[in-house]
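Its first residue numbered 1, the sequence shown is counted upward by one per residue in the UniProt record's numbering.
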Amino acid sequence: MMSANGLKVDARSHCTTPSERNVPQLVSVKVGCFSINPASMRGRRIFLIQMVVLCFVPHAALILQNCSIMAQLSQTFDSSLFLNDEINMTLSLGEMVLAIQDERAYVTRYLFSDSLTSDVRNKTTLRRVFFITDFWLDDAPPLLLSDELKMTLYHYREDVLGVTNMKRTESIKRISVYKKLNSILLVHMIKAVKATKTPLWRQLSACYEFIKTLEDLSILQTLVTYSLVSDDHEYVLAPVKQQLELAVEHLESAVQYLEFETFNDDEILKKMLMYYKTTLTNVSENNFKMDDWDSVGNDYVEKTSGFVEMSKTMQTGLWKYVRKSADHEVWYARRTLALGVFVLVVVLLASPVLILILRHIITTIQAFTESIQHSTEQLMAEKQKSDLLLSRMLPLPVLKRLRAQRTVPAEAFDAVTIYFSDIVGFTNISANSTPMEIINMLNMLYRLFDDRIMQYNVYKVETIGDAYMVVSGLPQRNGNRHVSEIADMALSLLRCVEGAVVPHRPEEPLRVRAGVNTGPCVAGVVGATMPRYCLFGDAINTASRMESTGEAMKIHISSSTKEALDKIGNYITESRGMIDVAGKGLMETFWLVGKVGNMVSESPCQLKLEDYDQNTLELLIK
1 MMSANGLKVD ARSHCTTPSE RNVPQLVSVK VGCFSINPAS MRGRRIFLIQ MVVLCFVPHA
61 ALILQNCSIM AQLSQTFDSS LFLNDEINMT LSLGEMVLAI QDERAYVTRY LFSDSLTSDV
121 RNKTTLRRVF FITDFWLDDA PPLLLSDELK MTLYHYREDV LGVTNMKRTE SIKRISVYKK
181 LNSILLVHMI KAVKATKTPL WRQLSACYEF IKTLEDLSIL QTLVTYSLVS DDHEYVLAPV
241 KQQLELAVEH LESAVQYLEF ETFNDDEILK KMLMYYKTTL TNVSENNFKM DDWDSVGNDY
301 VEKTSGFVEM SKTMQTGLWK YVRKSADHEV WYARRTLALG VFVLVVVLLA SPVLILILRH
361 IITTIQAFTE SIQHSTEQLM AEKQKSDLLL SRMLPLPVLK RLRAQRTVPA EAFDAVTIYF
421 SDIVGFTNIS ANSTPMEIIN MLNMLYRLFD DRIMQYNVYK VETIGDAYMV VSGLPQRNGN
481 RHVSEIADMA LSLLRCVEGA VVPHRPEEPL RVRAGVNTGP CVAGVVGATM PRYCLFGDAI
541 NTASRMESTG EAMKIHISSS TKEALDKIGN YITESRGMID VAGKGLMETF WLVGKVGNMV
601 SESPCQLKLE DYDQNTLELL IK
């Protein structure tokens, strides 16, 4: 007998045995630049690291951004606190300037007044004014005012209080000490205003311009008062004009700055601006006679005193407005800082929560992956079982076409060899056996046959009861080798059951008979619900007749099979003679006895088949 290893199939032939089919394998899906397999433990760890990095890189960036914002907010809050101190210092400098202006005004009235009846009262008032000025000067920043300048002020005060008939020309010169003091204070004030980087710079600039305007008006009032008691009107006219120009310039700046604010008490400034513009025009164009200077000067001093008194009320409101704005800036900075701290705390507290959520998500994904992997493995196992069952129902080429959802047309074959066999006396055996015993016997016999035929290029068509049908030459054509394949297989099956007995009836031998025929046929898939690969043609009927008219433990072949074997050679046949075949009439048939050089029995005498209790489905899918 030709061995399985010695069987060579040409390029056109393919043996449709289950052992030659590829077993479906699970596909290992790898994703990412690291070729991660999410189903493996290493892949899960790398996937976890990637997810953590993916989530925490933007989270870390958010933390850094919030820390940066916190630093800016903290700096803004510190700046607002520093601004509050700066504003208090700037406004204090303004109060000092106003105190010195008040002292200048009182000294001016004291020195250049013609009335001597109120001398004691005026000195008492002056001492009170001096005390107020000293109180503000004591709060001045260190080293702002030199000791020499202070001593000059103190000496001038003593002279004002102690000298009865101080010359007016000397007094007007020495009174300039107030201008020097205020100049220093105003320079320091404008430096503080220019150093301010917050939106309050406009309000502080308005305060400076307002104080500077009052300073110019105070100096102007002193000059005009001096001119009224002196005979030198022409001497003071040029300084008056110069101070008027400065006062108008600073007053316009103050009005412009306050136009952008919600400060509502700036109407007095607009009235002052209109009045002093008119006065400056009259002085510049000499619209009055020098003889009328006394009335003009007195009117100017009176109105200026009134404007100054109204300005004090406005100055108090302006100071409150600026301090309120500064407090609002501090409050806004504190609120923004608190909000920033809250956001940063939330972001930091979100980190562990995010870790827990991320861990839960990844655990869920991994559990889902494991479930999918397990389901996929079960599906692949079931697919293998279904493929095995389908492969035993349909040939592999036909099965592939059906899987591709293509129709499988019937195909005609010019020459195939068909093998039929059945159990001799199967009806009597069935009558004296239980159904389970019959099933076990057939299972054992057919498993033995199935193991044998896998060594040959044949296709098992079906088994019906005790009938066993095998064909060679389809669905894959194998030239003229189909007859030798069936002949070798038939001899092997016959030898493997020599000496066998019925498993549940050891005293009764198990004998088979076989029939073989060669000829053309048509094969195709029949049925939709339970498709079967069926063969049709006269050659199949003849093969079945060869089996039914045969004898026990013999292989009955037709003349067409005999001729095909003779062409191949090395097969031993015996003529049976002419027999009457149902539906065929007289036919000459032959016995296939054996093959030259391979006559050794493959089964020992008194072979007893093993008794299997498994049912048919378990045996098929095992």
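Even glycine gets a Cβ: it sits at the ideal position worked out from N, Cα and C.
So D139 and S183 are in contact, right, with Cβ under 8 Å, and what is the actual spacing, rounded?
With a contact defined as Cβ atoms closer than 8 Å, D139 and S183 miss out at about 19 Å.
Roughly how many angstroms lie between the CA atoms of Q101 and V330, to the nearest whole one?
Each residue's Cα considered, the two are about 32 Å apart.
Is the stretch 212-229 in contact with the stretch 297-310, if contact means three or more CB pairs nearer than 8 Å?
With the cut-off at 8 Å, the stretch 212-229 and the stretch 297-310 touch.
Can you tell me whether I78 is buried or exposed? The criterion is at least 16 other CB atoms within 10 Å of its CB, across all chains shown.
A small fix is needed here, since residue 78 is Asp in this sequence, not Ile. Exposed: under 16 other Cβ atoms inside 10 Å.
Spatial neighbours of I172 within its chain, please: C-beta separation below 6 Å, excluding the five flanking residues on both sides.
For I172, where only same-chain residues beyond five positions count, the Cβ hits under 6 Å are Y226.
Quick one: Cα of R121 to Cα of L161, how far?
With a pLDDT of 48 at R121, under the threshold of 50, the modelled position of that residue is not reliable, and the figure given next carries that caveat. So the two alpha carbons sit approximately 12 Å from each other.
From S118 to V193, what does the alpha carbon distance come to, in whole angstroms?
With a pLDDT of 44 at S118, under the threshold of 50, the modelled position of this residue cannot be trusted, and the question is left open.
State the CB to CB distance for the pair T417 and S472, rounded to an integer number of angstroms; the pair is presumed to be in contact (CB under 8 Å).
Right, their Cβ atoms sit about 5 Å apart.
Which residues in the same chain as W591 place their Cβ atom closer than 7 Å to its Cβ, once the five residues preceding and following it in sequence are excluded?
Exclusion of the five residues before and after W591 leaves K554, I555, H556, T573, E574 and R576 as the residues of its chain whose Cβ lies within less than 7 Å of its Cβ.
Measuring straight from C-alpha to C-alpha, what distance separates T196 and L83?
Roughly 7 Å between the two C-alpha positions.
Use the C-beta contact count for Q243: other C-beta atoms within 10 angstroms, 16 or more gives buried, fewer gives exposed.
With 16 or more Cβ atoms within 10 Å of its Cβ, Q243 is classed as buried.
Where D422 falls, given that 16 or more other Cβ within 10 Å makes a residue buried:
With 16 or more other Cβ atoms within 10 Å, it is buried.
Whole-number beta carbon distance between A467 and F420, since they are thought to touch under 8 Å
Sure, about 6 Å apart at Cβ, within 8 Å.
Simplified DSSP assignment, three categories, for E411:
Residue state for E411 is assigned as strand, using DSSP reduced to three classes.
Just to confirm the assignment, what range does the alpha helix (DSSP H) spanning F135 have?
Where F135 is concerned, the enclosing alpha helix (DSSP H) stretches over D119 to D138.
Cβ distance (whole Å) where A333 is taken to contact T133 below 8 Å
Contact doesn't hold; Cβ gap of about 36 Å is too wide.
Indicate whether V52 and L358 have their beta-carbon atoms separated by less than 8 Å.
A distance below 8 Å separates the beta carbons of V52 and L358.
Contact belief for V408 with G524 at Cβ below 8 Å, rounded distance in angstroms
The pair is a contact, with the Cβ atoms about 7 Å apart (cut-off 8 Å).
8 Å contact criterion, which P506 and N440 should meet: CB distance rounded:
Approximately 14 Å separates the beta-carbon atoms of P506 and N440; this is outside 8 Å, ruling out the contact.
What ranges does the alpha helix (DSSP H) occupy inside the stretch 187-261, keeping only unbroken runs of at least 4 residues that lie completely in it?
Complete alpha helix (DSSP H) runs here, min 4: 201-229 and 233-259.
What residue range does the alpha helix (DSSP H) around Y156 cover?
From DSSP, the alpha helix (DSSP H) with Y156 extends over D147 to G162.
Can you tell me where the alpha helix (DSSP H) holding K562 begins and where it ends?
S559 to I568 is the extent of the alpha helix (DSSP H) around K562.
Would you mind listing the alpha helix (DSSP H) stretches within the stretch 344-427 that are 4+ residues and don't spill past its ends, in chain order?
Listed in chain order, the complete alpha helix (DSSP H) runs (minimum 4 residues) inside the stretch 344-427 are 396-403.
Using the three-state DSSP reduction, which class does residue 628 fall into: helix, strand or coil?
This structure does not reach residue 628, given that the chain is present from 1 up to 622, and the question cannot be answered.
For E485, the first and last residue of its enclosing alpha helix (DSSP H)
E485 -> alpha helix (DSSP H) spans H482 to C496.
Given a threshold of 16 other Cβ atoms within 10 Å of its Cβ, counted over all protein chains shown, does T90 qualify as buried or as exposed?
Buried, because 16 or more other Cβ atoms sit within 10 Å of the Cβ of T90.
Buried or exposed: where does I372 fall if 16 or more other Cβ atoms within 10 Å of its Cβ makes it buried?
Exposed is the call here.
Specify whether the stretch 375-393 and the stretch 475-487 touch according to this definition: at least 3 beta carbon pairs, one from each stretch, less than 8 Å apart.
No, the stretch 375-393 does not touch the stretch 475-487.
Bridge partners of R513, per DSSP?
In the DSSP output, where bridge partners are listed per residue, R513 has D422.
Pair within 8 Å by beta-carbon distance, T561 and V483:
Taking 8 Å as the cut-off, the Cβ atoms of T561 and V483 count as close.
With distances taken between CB atoms, is the gap from Y156 to L126 smaller than 8 Å?
Taking 8 Å as the cut-off, the beta carbon of Y156 is found no closer than this to the beta carbon of L126.
Secondary structure of K312, DSSP reduced to three states
It is helical.
Under 8 Å, with one C-beta from each stretch per pair, do the stretch 304-313 and the stretch 59-69 reach the 3-pair mark?
By the C-beta criterion, the stretch 304-313 is judged not to be in contact with the stretch 59-69, since fewer than 3 inter-stretch pairs fall below 8 Å.
So which of E158, P142, C521 and P531 has the shortest CA-CA distance to R403?
Of the listed residues, the one whose Cα sits closest to R403 is P531.
Limits of the unbroken alpha helix (DSSP H) element including L445
Unbroken alpha helix (DSSP H) run through L445: P435 to I453.
Leaving out five residues on either side along the sequence, give the residues of the same chain with a beta carbon under 7 Å from the beta carbon of D538.
Hits under 7 Å: G519.
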